[in-house]
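Down below is the structure, laid out as structure tokens.
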Amino acid sequence: MGFHVVIPARLASTRLASKPLLDIHGKPMIQWVYENALKSNAESVIIATDDQSIVEVVNSFNGNVSLTRADHSNGTDRIVEVCEQQQWSDDTVIVNCQGDEPLMPFENLNQVAQLLNKYKAPMSTLHKSISATQAANPNQVKLVCAEDGKALYFSRSIMPFDRDGDQSIDYYGHIGLYAYQVGFLKTYSTLAPCSLETIEKLEQLRALYYGYNIYSQLAVKEPGTGVDTQQDLDEVRKIIQGM
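When we follow our numbering, the leftmost residue of the sequence shown carries the number 10, and every step to the right adds one.
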């Protein structure tokens, strides 16, 4: 099953300025993400950005980049514009890989696309096992799933909550990697933001709110640290230096 990878990248960041262009051992972060994605089974990999400086950097390493409008409220809408630019059909599968995941294993990109095809679902994603300490961190998004992998909810709060404090609980952290067909992306972009999405600041809750299923699976490879803070960046630099 074929798929395309789109990597949304924006320069503005509330916690780490110019994040996609930050240097990691001689390469901008976005180049690490792009080159990892090229190792997957994707038919093409495209970086989607609204910033000319990112376009210039991507061109400097001969990457594939699409300049999008600056008025998109989220990365999903930016991906929809890329789909329109590329004139991809509604049944084309898109994998959304975040531009701040320089350690995302390419195997996970293949996996999330295969999962979408397996369930013929509107959306698919991945998760990983996390500790109770990690589950208590609101920056680590959690999810709970049904037996078949259907996501029941995503939250920044700890869940499930051990009311009596006497249970052995498996906590799962969400990995920000999605697959969907172009047709669903177009539908999604027409849906009004919902209250849950606004409260939690989690875009995927819009799909659940309007009754669209999301299936998730344990990632075949543990993804490395995503970059949200300077501490994350320092950790990624150390990991890559030791590779």
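For every residue, glycine included, the Cβ atom is placed at its ideal position computed from N, Cα and C.
Between P29 and D86, the CB-CB gap reaches or exceeds 9 Å. CA-to-CA, the gap between V153 and L242 works out to about 29 Å.
Taking 4 residues as the shortest admissible run, the region 136-165 contains the following complete alpha helix (DSSP H) segments, listed from N- to C-terminal end: 141-144. Residue environment for K48: exposed (fewer than 16 other C-beta atoms within 10 angstroms of its C-beta). Membership of T101 in any beta strand (DSSP E) is not indicated, and neither H nor E is assigned to it by DSSP. DSSP places T58 in the strand class (E or B) of the three-state scheme. When the beta-carbon positions are compared, L186 and M252 stay at least 9 Å from each other. In the DSSP assignment, T134 is bridged to Y187, S225. Within the same chain, N222, Y224 come within 6 Å of A130 by CB-CB distance, once the 5 residues on both sides are set aside.
For V14, the enclosing beta strand (DSSP E) starts and ends at 13-18.
In this structure, I39 is the residue among E209, I39, L200, F12 with its C-alpha nearest to the C-alpha of P111. When the five nearest sequence neighbours on each side are left out, the beta carbons in the same chain lying within less than 7 Å of the beta carbon of L161 are those of V153, C154, A155, in order along the chain. Note on F70: under 16 other CB atoms within 10 angstroms of its CB, so exposed under the neighbour-count rule.
Distances from the alpha-carbon of M132 to those of T142, Q120, Q143, R78 put Q120 closest. Ranking L227, L194, A228 by CA distance to the CA of E212 puts L194 first.
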